[in-house]
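Chemist: Next up is a structure, given as structure tokens.
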Amino acid sequence: MNAVNQAGWRPEMGQANAATRATSSGDRALMLEEALIFELGQPGTCGVDFGETDLPPLDSLAPFLRRDPLDLPGLSEPEAVRHYTRLSRQNYAIDLGPFPLGSCTMKHNPRLNEKVARMAGFADLHPLQPVSTVQGALGAINQLAHWLIELTGMHGVAMSPKAGAHGELCGLLCIKAALEARGEARTTILVPESAHGTNPATAAFAGFAVESIPATCEGRVDLAALTAKLGPHVAGVMITNPNTCGLFERDMKAISDAVHAAGGYVYCDGANFNAVVGKVRPGDLGIDAMHINLHKTFSTPHGGGGPGSGPVVLSAALSPFGPLPFTVREADGSVRLVEEEQAAHEHPQGFGRMAAFHGQMGMFTRALAYILSHGADGLQQVAEDAVLNANYVLCSLDDVLDAPFGASGPCMHEALFSDTGLAEGFSTLDIAKGLIDEGFHPMTVYFPLVVHGAMLVEPTETESKAGLDRFIASLRSLAERARAGDEALKSAPHFAPRRRLDETMAARKPVLVWQG
Amino acid sequence: MRYLPLTPADRSAMLGVIGAGSVDDLFADVPAAARLSGPIAGLPRHASEMAVERHMAALAGKNVSAGSVPFFLGAGAYRHHIPASVDHLIQRGEFLTAYTPYQPEIAQGTLQVLFEFQTQVARLLGTEVANASMYDGSTACWEAVAMAARITRRKRAVLSGGLHPHYVATVQTMARFTGDEIDSRLPQLAAAPDDDALIAAIDAETSCVVVQYPDVLGRIPDLAKIAAVAQAQGALLIAVVTEPVALGLIEAPGKLGADIVVGEGQAIGVGLQFGGPYLGLFGCRDKFVRQMPGRLCGQTVDAAGKRGFVLTLSTREQHIRREKATSNICTNAGLCALAFSIQMTLLGGEGLGRMARISHARARQTAERLAQVPGVRVLNSAYVNEFTVLLPTDAREAVRRMADGGVLGGVSLGRLYPGAGDLSNGLLVAASECTTLEDIEALGVALEGVLA
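The listed protein sequences derive, respectively, from chains H and E.
Just so it is clear: in the first sequence, position 384 is 384 by my numbering, and no numbers are missing.
Just so it is clear: in the second sequence, position 388 is 904 by my numbering, and no numbers are missing.
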């Protein structure tokens, strides 16, 4: 199983440090450095041709005009294309190889979805056009909403949240509004200690106190400890399922029942929904609200850090409190937009608006194309292959890396290891940086916090077995080197565009804009 | 299924390594009662690329795209020319399919772009620093109000009547749950914004004054005057820019005394996209940087002494600070920031100025044509590329009827302010370098037609 591929081909890179001689340009063949635009461009240069105008500004504008021209250099089109193409080559990306960041779900981004999102009938629409001129766009939003409701077994969906964390806020605002409607001022949200950092941050931002719930020794929420904390002050819980240890919360229904019995609501962090899409519906587990990261489960591109999109599915109990706007499909097939004007009589308990306009349309069209491509059967296969790939990684490496919850049952979409067993002075970071030299993006490191030196590997369903075998072979060799105390690992990466960067210096004296 | 590489033989070999009899065994922890036995009923099965494209094209075909008709909508989203190279470059897989740059050694491309973006945004807004972007302008505005409350330890925000009503609603949503007091007002249909009334609302409890520049009616408030009063009371001035192209012509808010400047970057490189994803811009004074929300990219060196870039000051952020973070924001608008930055690089300061001057000229020509329509009056004394006209009738109906005739003639104030009867005859009209003289004439004729 360590074969790199069926033919056994392995690249031969020659001696690692054979080419240390300096070049006069500072570049080295295809390894190209790139200056900042402020060092390349000149004021007055413009890479876009416009007509000129003879019409002077309005006289009344005179007091407001700029005193000095905007001091930004410009580049001609060939210079600009070269600048960004050269920079792009200093990035790792899912298009180059596995990107096994646990909890982040880096899967292949189908290019059909890019094509669809750029159709003029979607990309070149203004959000405030009369609804008669955007029926297809509203129809697409409504169709995606329908799928999300069906796939989750929930009652309604708020489409406008802009990302997962924004969706969390939407869910908690629904809970707060529902409590207000009941005349109750519950103050506390319970959050497992393995939760994503956004969960406690969201709860605090929404004005709740945060109490932590411990995990059992098998890596799941401690139901007894959770139940003991319930009471009239608890507004709800935020549970990630599958959780950040890569395990399904077996007791989810019992947790929901206990929270409901105590008068609270259940928020589910749906960041890991890709593991169970088509296999189980959160609505059947008693969930009241769950955000779905379209950029994870439904593969809209991450783009180097967004944009995301975080629709929130809602139970019947919370749906009346969801945000504006939303779409309604009429019997004649037309689609209406419910905004502030209609809210007073159609959605009187809604908590309001989370952002301008109607949500991340460019992500909706991509996600809809992804969903239609897979269909109900393909989405189920997505979950099965994602879970199969993760268990394959777990079982292929648990002899050289400690799997703290290896005995807790199969993992879901991600495999969790700890730094136990590495030689004195060797850390998870060294293995991660070693993976960079091997040509892979590292896994998520030091998260979840409940495991020492955590390494969270999420291969996703879009990796082939041969690709996984290559990754496993590399991670195995690194684990062995870290166990044996190979000092060279401590200064990895050696072959990346940069060596380890001084993050302390960056934070101590921040340089956030160009100083030249 | 074309996106799934595992073959049946792979799956069975892998199950063998795992020691599981079937893939169902891997889902043993999902309670049997909740486990679905087959694909969810009522949803279609997988479809070919051809079939999906056909379906999506049919939906797209039911819409009237902005570029296909005379088009004059603004109100927080603007249609400007986007050079072809922008969209080509953001589709480079190394940008499109990268994650947040948590491993800086192999993410210098994204990180250098963010550093360049922060510098471009700071100079455009006239602030000392800027972050690596927020979701959009409206959520950036909400975050700025929350940040001002942290800095001043006060909880009363004063919002100008010229602030986009969706931004007002977004701030009110936040405040409903954080307990901040929001003092907001409707815009008055006057030639210039009532800065004095706004100033009169500032008191010693005020955390911030939020002023849109140019305002939602296209008018230009006197930021320097408002800043002086706000700061004398210990409050911060937050300037909100929904049309950044305007800053190619008029002074940057940071230079006029704004403490925090937020904006919607959509107009530069991002496109209309029916409202999202857009691009939140966020700049402020250097001394407030540790209270800022969102990601920041900073310059440093690597172990070999080479210049490089990293995400920094993350002790403000949720993944480190959890419930004590400055914001819960995690994902930002990276790819939109890249598009904005590429277009700013192509334009330079000179090109943005030219784009603003032409947009302004087109707006002037549009205003002059509309002023010839019987019963129509231009409200603004000053504007850049968006202004308000008053019709002799309800503007919502006029907009709908113009749309039926193939002209997207503007945004009615009735759509933005339902229930505010005083405003219902107002129509917002925006122009840009994309607007042609033929478009302007078509708008004039269409408006004459619906008012006849």
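The beta-carbon is built from N, C-alpha and C at its ideal position, and this holds for glycine as well.
From 62(H), 362(H), 202(H), pick the residue whose C-alpha is nearest to that of residue 299(H); which is it?
Modeler: 362(H)
Chemist: Going by CA-CA distance only, name the one from 514(H), 457(H), 467(H) that's closest to residue 103(H).
Modeler: 457(H)
Chemist: Quick check on DSSP: helix, strand or coil for residue 766(E)?
Modeler: strand
Chemist: So, does the CB of residue 610(E) fall closer than 8 Å to a CB anywhere in chain H?
Modeler: Output row for residue 610(E): interface = yes.
Chemist: Excluding the 5 residues flanking residue 763(E) on each side, which residues of the same chain have their C-beta closer than 7 Å to its C-beta?
Modeler: 640, 757
Chemist: Who are the neighbours of residue 776(E) on chain H, taking C-beta pairs under 9 Å?
Modeler: Residues of chain H passing the Cβ test: none, with the nearest at roughly 15 Å.
Chemist: Taking only beta carbons into account, state which residues of the segment 864 to 888 of chain E come closer than 7 Å to chain H, listed in chain order.
Modeler: 864, 865, 866, 867, 868, 869, 870, 871, 873, 874, 876, 877, 880: these are the residues of the segment 864 to 888 of chain E whose beta carbon lies less than 7 Å from some beta carbon of chain H, given in chain order.
Chemist: Can you tell me the Cβ-Cβ gap for residue 534(H) and residue 596(E), rounded? I've got them flagged as a contact below 8 Å.
Modeler: Because chain H is modelled from 1 through 516, residue 534(H) falls outside the range shown and cannot be assessed.
Chemist: Quick check on this structure: which residue in 295(H), 259(H), 247(H) has the alpha carbon closest to the alpha carbon of residue 523(H)?
Modeler: With chain H running from 1 to 516 in the structure shown, residue 523(H) is simply not present.
Chemist: Under the three-state reduction of DSSP, which class applies to residue 904(E): helix, strand or coil?
Modeler: strand
Chemist: Hey, residue 390(H) and residue 246(H): beta-carbon distance below 8 Å or not?
Modeler: yes
Chemist: Got a sec: is the Cβ-Cβ distance from residue 269(H) to anything in chain E below 8 Å?
Modeler: No, because no Cβ of chain E sits closer than 8 Å to the Cβ of residue 269(H).
Chemist: Drop a sphere of 10 angstroms on the beta-carbon of residue 37(H), count the other beta-carbons inside from all chains shown, and report buried for 16 or more, exposed for fewer.
Modeler: buried
Chemist: Between the segment 960 to 968 of chain E and the segment 931 to 940 of chain E, do three or more beta carbon pairs fall short of 8 Å?
Modeler: no
Chemist: For residue 579(E), which three-state DSSP category applies?
Modeler: strand
Chemist: At which residue ranges does the segment 173 to 244 of chain H contain complete beta strand (DSSP E) runs of 3 or more residues, listed in the order of the chain?
Modeler: 188 to 192, 209 to 213, 234 to 240
Chemist: Near residue 422(H), which residues of its chain fall below 7 Å by C-beta distance, leaving aside the five closest residues on each side in sequence?
Modeler: 482, 483
Chemist: Roughly how many whole angstroms lie between the Cα atoms of residue 62(H) and residue 888(E)?
Modeler: 25 Å
Chemist: In three-state DSSP terms, what is residue 345(H)?
Modeler: helix
Chemist: For residue 9(H), go through chain E and note every residue whose CB falls closer than 8 Å to its CB, in chain order.
Modeler: Result: empty, since nearest Cβ-Cβ is about 18 Å, beyond 8 Å.
Chemist: May I ask you to list, following chain order, the residues of the segment 943 to 964 of chain E that have a beta carbon less than 8 Å from some beta carbon of chain H?
Modeler: Listed in sequence order: 949.
Chemist: Rounded to whole angstroms, what's the CA-CA distance from residue 301(H) to residue 605(E)? Just pull it up for me.
Modeler: 15 Å
Chemist: Which residues in chain H sit within 9 Å of residue 570(E), going by Cβ to Cβ distance?
Modeler: Correct list: empty, because the minimum Cβ distance to chain H is about 10 Å.
Chemist: Applying a beta-carbon distance threshold of less than 7 Å, which residues of chain E neighbour residue 37(H)?
Modeler: 632, 861
Chemist: Nearest by alpha-carbon distance to residue 12(H): which of 509(H), 438(H), 506(H) is it?
Modeler: 438(H)
Chemist: On the CB-based measure, 16 or more other CB atoms within 10 Å of its CB, does residue 836(E) come out buried or exposed?
Modeler: exposed
Chemist: Does the CB of residue 229(H) have a neighbour CB from chain E at under 8 Å?
Modeler: Chain E, which has no Cβ nearer than 8 Å to the Cβ of residue 229(H), makes this no.
Chemist: Run through the DSSP bridge pairs and tell me what residue 265(H) is partnered with.
Modeler: In DSSP, residue 265(H) forms a bridge with 236(H).
Chemist: Given a cut-off of 8 Å on the beta-carbon distance, is the pair residue 896(E) and residue 649(E) in contact?
Modeler: With contacts defined as CB atoms closer than 8 Å, residue 896(E) and residue 649(E) fail to qualify as a contacting pair.
Chemist: Please list, in chain order, the chain E residues whose beta carbon lies closer than 7 Å to that of residue 511(H).
Modeler: 814, 815
Chemist: Within 10 Å of its beta-carbon, does residue 533(E) have 16 or more other beta-carbons around it, so buried, or fewer, so exposed?
Modeler: exposed
Chemist: Can you tell me where the alpha helix (DSSP H) holding residue 653(E) begins and where it ends?
Modeler: Run containing residue 653(E): 653 to 668, per the alpha helix (DSSP H) assignment.
Chemist: List, in chain order, every chain E residue whose beta-carbon is nearer than 8 Å to that of residue 77(H).
Modeler: Per Cβ cutoff of 8 Å: 599, 601, 862.
Chemist: Find the nearest neighbour of residue 216(H) within the set 441(H), 450(H), 400(H), judged by alpha-carbon distance.
Modeler: 450(H)
Chemist: Under 8 Å, with one C-beta from each stretch per pair, do the segment 119 to 126 of chain H and the segment 567 to 584 of chain E reach the 3-pair mark?
Modeler: Here the segment 119 to 126 of chain H makes contact with the segment 567 to 584 of chain E; the two share three or more CB pairs at distances below 8 Å.
Chemist: Assuming residue 329(H) is part of the beta strand (DSSP E), what are its boundary residues?
Modeler: 326 to 329
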